[in-house]
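The structure appears right after this line, and notes come after that.
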Amino acid sequence: MKSNRPYLIRALYEWILDNDCTPYILVDVNLPNVSVPDGFAEDGQIVLNLAPAAIKHLLMDNEAISFEGRFAGVVQRPYVPIIAVKAIYAKENGYGMFFEHDPLLEQENNEPDDKPPSPDTPTPRKKPSLKVVK
Numbered sequence: 100m101k102s103n104r105p106y107l108i109r110a111l112y113e114w115i116l117d118n119d120c121t122p123y124i125l126v127d128v129n130l131p132n133v134s135v136p137d138g139f140a141e142d143g144q145i146v147l148n149l150a151p152a153a154i155k156h157l158l159m160d161n162e163a164i165s166f167e168g169r170f171a172g173v174v175q176r177p178y179v180p181i182i183a184v185k186a187i188y189a190k191e192n193g194y195g196m197f198f199e200h201d202p203l204l205e206q207e208n209n210e211p212d213d214k215p216p217s218p219d220t221p222t223p224r225k226k227p228s229l230k231v232v233k
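Here the sequence shown is numbered in our numbering, starting from 100 and rising by one per residue.
See below:
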């Protein structure tokens, strides 16, 4: 069974925006594959503003959250695996959800990747085959 965390994060994100609030996520920066700007984390955590006015190109899928944002005036592209999201909440009132340890996410992260290779990885090409159609 898949973890419900990515689904809850997306739903709460929409709910926070629908209530004209600012969605923030709390991230554990010590977990593998977390990529956030240096110098902004405190005590192994960072709070990221996901408001549409603050970021561009937001991608929230079942594996991670990524976007383009400015940190001290410099454009950066943070990458946050779903397992590293500890909370999503509204800045204005704190409403949202904090997440406990999720063994389903650990299991998903330990499974071998069935993903296709990245676009930078060359893939062997098959010879084209043509048929005569009448």
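Cβ coordinates follow ideal geometry from the N, Cα and C atoms, glycine included.
Taken in chain order, no unbroken stretch of alpha helix (DSSP H) lies wholly in the stretch 126-173 with a span of 4 residues or more. Going by C-alpha positions, Ala150 is about 9 Å away from Tyr112.
Here DSSP, grouped into helix, strand and coil, assigns Tyr112 to helix. Beta-bridge partners of Ala189 (DSSP): Pro122. Looking at Lys101, Asn103, Arg104, Ile124, the one whose alpha-carbon comes closest to that of Tyr194 is Ile124. The stretch 153-160 and the stretch 125-143 do not touch, with fewer than three beta-carbon pairs separated by less than 8 Å. When the five nearest sequence neighbours on each side are left out, the beta carbons in the same chain lying within less than 8 Å of the beta carbon of Ala189 are those of Ile115, Asn118, Cys120, Thr121, Pro122, Tyr123, Gly195, in order along the chain. For the 7 Å CB-CB criterion, Val173 and Val126 do not form a contact. In the structure shown, the three-state DSSP call for Tyr194 is coil.
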